[in-house]
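Just below is one structure, and these are the notes that go with it.
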Amino acid sequence: MGVKLKDIIYSSKIKVEDLKGRIIAIDAPNTIYQFLSSIRQKDGTPLMDRKGRITSHLSGILYRTSAIIEKGIKVVYVFDGKSPHLKMETITKRKTIRFEAEKKWKEALREGEIEEARKYAVRSARISPDIISTSKKLLDLMGIPFVEAPAEGEAQASYIVQKGDAWAVASQDYDCLLFGAPRIVRNLAVTGRAHELELLELEGILKRLEITREQLVDIALLIGTDFNKGIKGIGPKSALKLIKEKDNIYNVLEDLGKELDEDPEILREIFLNPEVTDDYKLSWRNPDKEGIIEFLCHEHEFSEERVQSAIKKMQVEKSIQKSLTDWF
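Quick note on numbering: the sequence shown equals residues 841 to 1168 in my numbering.
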């Protein structure tokens, strides 16, 4: 879910065409969760094949990613590795929320409350190992590279952008700012005119707020992150005010007479010096047409006509990609 920084973060509107010729590092878990949540039937039931295997994520990866590629944008998906132990409580809490949402979804279905059912169905979405493995299989067939992070995928995606191997991270969460991503693009994998693309630029945000990245991390720790609960009653605006007044989280906590549930120094290190790797290679191939049709149409009963159309979008001749240095 990420840290709730929306109230103090500044963004600008951009068009998908503005990303032509650029490489975007997609936060895979975040984006796949979007697909699982949004690509559903009216009553909230996810797309499934005849064997009851969920295919919403495969639909999203194929159709929405191919639409992005058709615009002349290159993408790389970045997957999570092992979650830090401090995130276990958050993961457990999310599982509980999703379990309860699933119960309410089924109750609403029994009572014929379709709109209510869909609302709870969206909250019940969860990513299983099978969903991850089939996502990677489809990406490989599509010729799209993916990177396995040693820990947090958001940290690895941010690092890829910091290195200049991609121009921005595509994610709905603000956490990538804490991990040092120079740019984040929001709503890239979301369809519909209501969802305009947002560009978040770390340097501009820090200048406008008149803080450092370290202070932004401190603000997040006061609010609460995936790794700590934060201080009750402190939101983004009050956290910003406190950090600007007291300079850092240690002075704020001392002034408030409060403590975090974890050592602030350990929490800071998660964001400021995350575990990442240089052991990756970004290369793109033409899609394996026969392989995609076999996997999606023959194995998971996708419409061959629609799949063929998506494959064609990925085979459209693209203009020569501009050097990443042109955009700095």
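Cβ atoms here follow ideal geometry from the backbone N, Cα and C, with glycine treated the same way.
Please read these numbers as outputs of a predicted model, since none were measured by experiment.
DSSP-derived helix/strand/coil call for residue i
i: Val-1092; result: helix
i: Ala-1060; result: helix
i: Ser-852; result: strand
i: Thr-895; result: coil
i: Ala-907; result: helix
i: Thr-1177; result: This structure gives no information on residue 1177, because the portion of the chain shown stretches from 841 to 1168.
i: Arg-880; result: strand
i: Glu-955; result: helix
i: Glu-1038; result: strand
i: Glu-992; result: coil
i: Glu-857; result: helix
i: Asn-1068; result: strand
i: Ala-1010; result: strand
i: Arg-1033; result: For Arg-1033, the predicted model reports a pLDDT of 49, less than 50, meaning its position is unreliable; a value from the coordinates is still stated below. Three-state DSSP puts Arg-1033 in coil, outside helix and strand.
i: Val-838; result: No information on residue 838 is available, as it lies outside the stretch 841 to 1168 that the chain covers here.
Where residue i falls, given that 16 or more other Cβ within 10 Å makes a residue buried
i: Ile-1106; result: exposed
i: Arg-1026; result: buried
i: Asn-1068; result: buried
i: His-897; result: buried
i: Ala-912; result: The sequence shown places Gly at residue 912, rather than the Ala named in the question. Buried, by the Cβ-count rule.
i: Thr-974; result: buried
i: Tyr-999; result: buried
i: His-1138; result: exposed
i: Arg-1023; result: buried
i: Tyr-1014; result: buried
i: Gln-1148; result: exposed
i: Leu-979; result: buried
i: Ser-899; result: buried
i: Leu-1096; result: exposed
i: Tyr-1090; result: exposed
i: Pro-1104; result: buried
i: Gly-952; result: exposed
i: Asp-970; result: exposed
i: Thr-1117; result: exposed
i: Thr-805; result: Residue 805 is absent from the model: the chain starts at 841 and stops at 1168.
i: Lys-914; result: buried
Enclosing alpha helix (DSSP H) for residue i [first to last residue]
i: Asp-1147; result: First, the residue type needs correcting, since residue 1147 is Val and not Asp in the sequence shown. Where Val-1147 is concerned, the enclosing alpha helix (DSSP H) stretches over 1144-1154.
i: Arg-1048; result: 1042-1049
i: Ile-1132; result: 1129-1132
i: Asp-1015; result: 1015-1018
i: Phe-1111; result: 1104-1112
i: Asp-970; result: 969-982
Residues near residue i in its chain [Cβ-Cβ closer than 7 Å; skip 5 each side]
i: Gly-993; result: Asp-867, Ala-868, Pro-869, Val-918, Phe-919 and Asp-920
i: Leu-1192; result: The chain is shown only over 841 to 1168; residue 1192 falls outside these bounds and no answer can be derived.
i: Lys-844; result: Ile-1063 and Pro-1076
i: Asp-1101; result: Asn-1068 and Lys-1069
i: Ala-1150; result: Leu-902, Tyr-903 and Ser-906
i: Pro-1114; result: Ala-991, Glu-992, Ala-995 and Phe-1019
Cβ shell of residue i (< 8 Å), same chain only, five flanking positions each side left out
i: Gln-881; result: Leu-887
i: Gly-1044; result: Tyr-850
i: Gly-892; result: none
i: Leu-981; result: Pro-1127, Asp-1128, Gly-1131, Ile-1132 and Phe-1135
i: Glu-1099; result: Leu-1093
i: Ile-1074; result: Leu-1062, Ile-1063 and Leu-1082
i: Arg-1033; result: In this prediction, Arg-1033 has a pLDDT of 49, which is less than 50 and means its spatial position is unreliable; what the coordinates show is noted afterwards. Closer than 8 Å at Cβ, skipping near neighbours: no residue.
i: Lys-846; result: Tyr-1014 and Pro-1076
i: Glu-1144; result: Ile-1133 and Cys-1137
Beta strand (DSSP E) segment containing residue i, residue limits
i: Tyr-917; result: 914-919
i: Arg-1023; result: 1023-1026
i: Ile-1074; result: Taken as a continuous stretch (DSSP letters only), Ile-1074 belongs to no beta strand (DSSP E), as it is neither H nor E.
i: Ile-863; result: 863-867
Residues near residue i in its chain [Cβ-Cβ closer than 6 Å; skip 5 each side]
i: Leu-1028; result: Ala-1010
i: Met-1154; result: Ser-906, Ile-909 and Pro-1127
i: Ile-1071; result: Leu-1062 and Lys-1098
i: Glu-1036; result: Lys-853
i: Thr-871; result: Ala-1029
Closer than 8 Å: residue i CB and nearest the ligand PLP heavy atom
i: Leu-1093; result: Although the ligand PLP was asked about, the structure shown includes no ligands whatsoever.
Examine the Cβ distances between the region 1004-1018 and the region 852-868 and report whether three or more of them are shorter than 8 Å.
yes
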